[in-house]
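Taken in order, the sequence shown gives residues 80 to 163; the numbers are from the working numbering.
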Amino acid sequence: MDRIKPRPQVYNGMPAREFGSEGWHKPWSGGNGGNCLEAMKLADGRIAVRQSTDPDGPALIYTTDEMTAFIEGAKAGAADFLLS
80 MDRIKPRPQV YNGMPAREFG SEGWHKPWSG GNGGNCLEAM KLADGRIAVR
130 QSTDPDGPAL IYTTDEMTAF IEGAKAGAAD FLLS
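Here it is, written out as structure tokens:
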């Protein structure tokens, strides 16, 4: 993933448009008609996530440890109960 220049203040829920339109990636995409998440690695190592259908909406900011825990938990089935 590309890295953006450091911003003076990066916070959860900030408008994703403040990161610009370049550097966002769709790490995975299913058969959901293009409704997926996009992610961007920030200069400080954190990861911004936004909804692809709302690129001007809020960005959620995660540390690499938080993102690792989420992905590993999802792979292990820890969130499967949310789908039933």
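We put the beta carbon where it would ideally sit given N, CA and C, even for glycine.
Which first and last residues belong to the alpha helix (DSSP H) in which residue i is found?
{"i": "residue 118", "result": "Not the alpha helix (DSSP H): residue 118 falls in the beta strand (DSSP E), residues 116 to 120."}
{"i": "residue 148", "result": "143 to 154"}
Going by DSSP in three states, residue i sits in which element: helix, strand or coil?
{"i": "residue 125", "result": "coil"}
{"i": "residue 95", "result": "helix"}
Please name the residue in the options whose C-alpha comes closest to that of residue i.
{"i": "residue 134", "options": "100, 149, 88", "result": "100"}
{"i": "residue 106", "options": "157, 146, 137", "result": "146"}
{"i": "residue 95", "options": "122, 125, 129, 88", "result": "129"}
{"i": "residue 114", "options": "125, 121, 131", "result": "131"}
{"i": "residue 124", "options": "89, 161, 163", "result": "89"}
For residue i, I'd like the list of residues in its chain whose CB is within less than 6 angstroms of its CB, leaving aside the five on either flank, ordered along the chain.
{"i": "residue 103", "result": "117, 119"}
Below 8 angstroms CB to CB, which residues in the same chain sit around residue i once its five sequence neighbours on both sides are set aside?
{"i": "residue 143", "result": "124, 125, 126"}
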